[in-house]
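Numbering (the working numbering), first residue to last: -1 to 108.
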């Protein structure tokens, strides 16, 4: 097959305003991923768009395995609240309401 460009799990996009550090999550357009490298705003950053990551979680609500998770772009955290946020992942482990991080499977097919 001569028309395949790349595997697609890691995509390159311009880093968001304020830049991004390796390991931080970001939603760029409709592409959600975790930065592979640290880059200044506008510089190309590699985003890993598939896999299970420990990511910042909004406190105040618990997660059950399989719960849909949404990216709160203002707080830069995953939340179970759909309104005003973008669905980007599913919970793969229970997280208590007071937990600051949770395990999430991100996937560009969501």
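We put the CB at the ideal spot given by N, CA and C, even for glycine.
Residue 57 and residue 98 closer than 9 Å at C-beta: With a cutoff of 9 Å on beta-carbon distance, residue 57 and residue 98 are scored as near each other.
Three-pair Cβ contact test at 8 Å for the region 34 to 51 versus the region 60 to 68: No: the two stretches stay apart, fewer than three of their Cβ pairs being nearer than 8 Å.
Endpoints, the beta strand (DSSP E) within which residue 109 is located: Outside the modelled stretch of the chain, which goes from -1 to 108, sits residue 109, for which no answer is possible.
Cβ-Cβ distance between residue 24 and residue 45 below 9 Å: Taking 9 Å as the cut-off, the Cβ atoms of residue 24 and residue 45 count as close.
Minimum length 3: unbroken beta strand (DSSP E) runs contained in the region 35 to 100: Runs of the beta strand (DSSP E) inside the region 35 to 100: 42 to 46, 49 to 54, 66 to 70, 75 to 77, 84 to 89.
Three-way DSSP call (helix, strand, coil) for residue 29 in this model: It is a strand residue.
Between the CA atoms of residue 103 and residue 31 - distance to the nearest angstrom: It is roughly 11 Å from the alpha-carbon of residue 31 to the alpha-carbon of residue 103.
Reduced DSSP secondary structure (H/G/I, E/B, other) of residue 104: Residue state, collapsed to three classes: strand.
Start-to-end residues for the beta strand (DSSP E) that takes in residue 11: Residue 11 -> beta strand (DSSP E) spans 8 to 12.
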